[in-house]
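Step one of this worksheet: look at the structure below.
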Amino acid sequence: MDRIEELAIFVAIVDAGSLAGAARRLRKSRPAVTRALAGLEERVGTQLIARTTRRLTPNDAGRELAATARRLLADYEAALGVAAAEPVSCLLRITAPLSFGRRHVTPLVNEFLDRYPQVQVELVLADRNLDLIEEDLQLAVRIGPLPNSGLLMRKVGEVRRILVAAPSYLASCPPLRRPADIAAHETIASVAANQTLTWRFGGPRSGSAVVLTPRLIVNEVESALIAARAGRGLARVLSYQAAEDLASGALVRLLAEFEPPPLPVQLVVPGGRAPAPRVRAFIDHAVARLPELAPIGTG
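Structure (structure tokens):
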């Protein structure tokens, strides 16, 4: 087996924590991955992976080799001039939040497919952060702060969590000048937007929290927007989700001066080695077009 490929398989095993996960990521058979690990351990003369029934974990020698292998793989791809020499082709698997993916990532993908006819794209939309390694995903669109997990991130904009209501509701409701006034209002809680029954706000001096007693709780954002448009009460959504309703006047933005800090919109790829040409091409396309397609700021 090619020595570079052997190192790439080892890094995939370390990242995935299992032989099966590495095999899925690399689109290889599990026996081939097993043989590669056994051959590498025989070559270096020591065990590199601690094997348990639940997960494979590198020992000290394995961690040191994995760190070196990542650098060598990145240098190898850079030396080959992959971006210029290799065509943008093959399958690209992308994940994004459901609503954001429908509204803004799907148009990007359509444009990308027109530009690169050799690429096949699989778009996986889900309102939970899928594991890129386990799910064999090359790129993710994520909204909100991310932990320092070894992923490579590129910020492309930001969104805000905003409070909205229909003019018909506001015409007959009590005054709403500050977050504390929400207690006197009908509210719509949306758990799909990662909201609890507490809405947190910022402000000129300090933040505040409002505990809700909603008459309506829904499990996805579109239902919250439908109820808000019908005058059911106050709803809290991300700015891009209500952009069309705000533009048409169906909903009104409220308490803007008390909104919490914006949430970053980021493109995320697995760390450890240089992204493949198709991934870099999509990132370049998204960085140029996403702020134009989506009602998000660039920070």
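In the numbering used here, the protein residues as written are 39 to 337.
Yeah, the Cβ is synthetic: ideal placement off N, Cα and C, and Gly gets one too.
Endpoints, the beta strand (DSSP E) within which residue i is located
i: V147; result: Run containing V147: none in the beta strand (DSSP E); it sits in the alpha helix (DSSP H), T144 to R153.
i: T95; result: L94 to P96
i: A227; result: T225 to S228
i: L305; result: L301 to V307
i: L235; result: Per DSSP, L235 belongs to no beta strand (DSSP E) and is neither H nor E.
i: A129; result: The question names Ala, but residue 129 in the sequence shown is Leu. Run containing L129: C128 to A134, per the beta strand (DSSP E) assignment.
i: A88; result: I87 to R89
Cβ-based neighbour list, residue i, same chain, cut-off 8 Å, excluding 5 preceding and 5 following
i: E297; result: R198, R199, I200, L201, F239 and G240
i: R68; result: L57, A58 and A61
i: L75; result: I47, F48, I51, L57, L86 and I87
i: G287; result: P205
i: L151; result: V157 and V159
i: A265; result: I226, L254, V256, G271 and A273
i: P299; result: G240
Straight-line Cα distance separating residue j from residue i
i: C128; j: P135; result: 23 Å
i: A50; j: S277; result: 38 Å
i: L57; j: D169; result: 16 Å
i: I132; j: A46; result: 21 Å
i: A247; j: A209; result: 25 Å
i: P205; j: A221; result: 19 Å
i: L328; j: P313; result: 20 Å
i: G245; j: A273; result: 19 Å
i: P217; j: Y207; result: 17 Å
i: A326; j: R65; result: 31 Å
i: N97; j: A178; result: 30 Å
i: P302; j: T106; result: 32 Å
i: E149; j: P315; result: 17 Å
i: L163; j: A262; result: 19 Å
i: N257; j: E196; result: 23 Å
i: E102; j: R81; result: 15 Å
i: T236; j: D219; result: 14 Å
i: R166; j: T90; result: 28 Å
i: L184; j: T95; result: 24 Å
i: R291; j: R108; result: 48 Å
i: A203; j: G182; result: 24 Å
i: A70; j: D40; result: 13 Å
i: V317; j: I42; result: 21 Å
Where the alpha helix (DSSP H) containing residue i begins and where it ends
i: G195; result: Where G195 is concerned, there is no enclosing alpha helix (DSSP H), although the beta strand (DSSP E) it sits in stretches over L190 to V197.
i: R26; result: No statement about residue 26 is possible, as the shown extent of the chain runs from 39 to 337 and does not include it.
i: A76; result: R68 to V82
i: A61; result: L57 to L64
i: S210; result: Where S210 is concerned, there is no enclosing alpha helix (DSSP H), given that its DSSP letter is neither H nor E.
For residue j and residue i, believed in contact at Cβ under 8 Å, the rounded distance
i: Q304; j: V194; result: 7 Å
i: L319; j: Y154; result: Looking at the sequence provided, one finds Ala at residue 319 rather than Leu. Going by Cβ atoms, the distance from A319 to Y154 rounds to 6 Å, so yes, they are a contact pair.
i: A324; j: L146; result: 6 Å
i: V307; j: R180; result: Not really, about 11 Å apart at Cβ, beyond 8 Å.
i: L254; j: R270; result: 6 Å
i: Q176; j: L130; result: 6 Å
i: I321; j: R140; result: The Cβ separation is near 20 Å, so there is no contact.
Residues of its chain near residue i, where Cβ-Cβ distance is below 7 Å and the 5 sequence neighbours each way are ignored
i: T72; result: L57
i: A54; result: A60, R63, I171 and E172
i: E79; result: Q85 and L86
i: R37; result: Nothing can be reported for residue 37, as the shown portion of the chain is limited to 39 through 337.
i: C211; result: H223
i: T225; result: L250, P252, G271 and L272
i: A99; result: T84 and L86
Close beta carbons around residue i, own chain, < 6 Å, minus the five adjacent residues each side
i: L293; result: L201
i: D283; result: L289
i: E44; result: A74 and L78
i: R215; result: none
Residue i: CB within 6 Å of a non-hydrogen atom of the ligand MN
i: E297; result: Ligands in the displayed structure: none, and consequently the ligand MN is not present.
Starting from the N-terminal side, write out each stretch of the beta strand (DSSP E) that is 3 residues or longer and does not extend beyond the segment 239-291. 246-249, 254-256 and 272-276
Within the segment 155-189, ranges of the beta strand (DSSP E) (whole runs, at least 3 residues): 157-163 and 177-181
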